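Asker: In my numbering, the protein residues as written are 463 to 594.
Cβ coordinates follow ideal geometry from the N, Cα and C atoms, glycine included.
Note that the coordinates shown come from a computational prediction; the quantities given were computed from them, not determined experimentally.
Pasting a structure here, questions to come.
Spelled out as structure tokens, the structure:
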């Protein structure tokens, strides 16, 4: 027996994604939330800096909007500022797309930055639940 859809019904659609895309999504270990903040990525070996904007945040990484991101695999220092708070940690570019941005995985951070990240995530989660 088939499924009858009426105008306005929304149903999940099964589709096949490229293997690379599936692998990327499966690596995520926690929820991501919309989060807007200023950011700077620094490739420390060459002291190359890129200013960007955070658009999504998780406990394990963030997505940064930028035109010319570092290539996948690049080790970086991530600096994020929102209001009066400042976060920094060592990270790695896990996804990079020209003219779009980059996904950064967080690797090492001090206790002060961990505390700030926890506070930002609590606020982002509450905001997401409020808007759901």
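By Cβ distance, which residues of its chain are closer than 7 Å to residue 506, with the 5 residues on each side in sequence left out?
Answerer: So the list reads 539, once near-sequence residues are dropped.
Asker: Would you decide whether residue 500 is buried or exposed? Buried here means 16 or more other CB atoms lie within 10 Å of its CB.
Answerer: exposed
Asker: Might you give, ordered along the chain, the residues of its own chain that have their beta carbon closer than 8 Å to the beta carbon of residue 581, omitting 5 neighbours on each side?
Answerer: 547
Asker: Provide the residue span of the beta strand (DSSP E) that contains residue 550, from first to last.
Answerer: 547–559
Asker: Could you spell out where the beta strand (DSSP E) holding residue 511 opens and where it closes?
Answerer: 510–520
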